[in-house]
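Take a look at the structure below.
Put into structure tokens, the structure is as follows:
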């Protein structure tokens, strides 16, 4: 019984890790899609493509430089 529980827990951990990687890949793909000029940041103009992002852009822009870097953009999905 103990080994069955351990196998279940191991499966859960692997599934969670796979899901996290898939989520990270989806976030990265969305970032790249919005970064129209491919300079590694999303400007307010580029963010305008996504109305929900526009609503929270200033809040996500934690360094207040008028653009979102990949780390700041991840906050959109938190």
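In mature numbering (1 follows the signal peptide of the UniProt record, and there is no 0), the protein residues as written are -22 to -1, 1 to 56.
Ideal placement from N, C-alpha and C gives every residue a C-beta, glycine not left out.
As the structure is a prediction and not an experimental result, all values here were calculated from the model.
Given this structure, state the Cα-to-Cα distance separating residue i from residue j, to the nearest angstrom.
i, j, result
"residue 46", "residue 21", "6 Å"
"residue 10", "residue 50", "14 Å"
"residue 48", "residue 39", "11 Å"
"residue 2", "residue 44", "23 Å"
"residue 42", "residue 5", "21 Å"
"residue 18", "residue 37", "19 Å"
"residue 14", "residue 8", "11 Å"
"residue 52", "residue 29", "16 Å"
Since residue i and residue j should fall inside the 8 Å C-beta cutoff, what is the C-beta to C-beta distance between them, to a whole number of angstroms?
i, j, result
"residue 26", "residue 32", "6 Å"
"residue 12", "residue 24", "5 Å"
On the CB-based measure, 16 or more other CB atoms within 10 Å of its CB, does residue i come out buried or exposed?
i, result
"residue 54", "buried"
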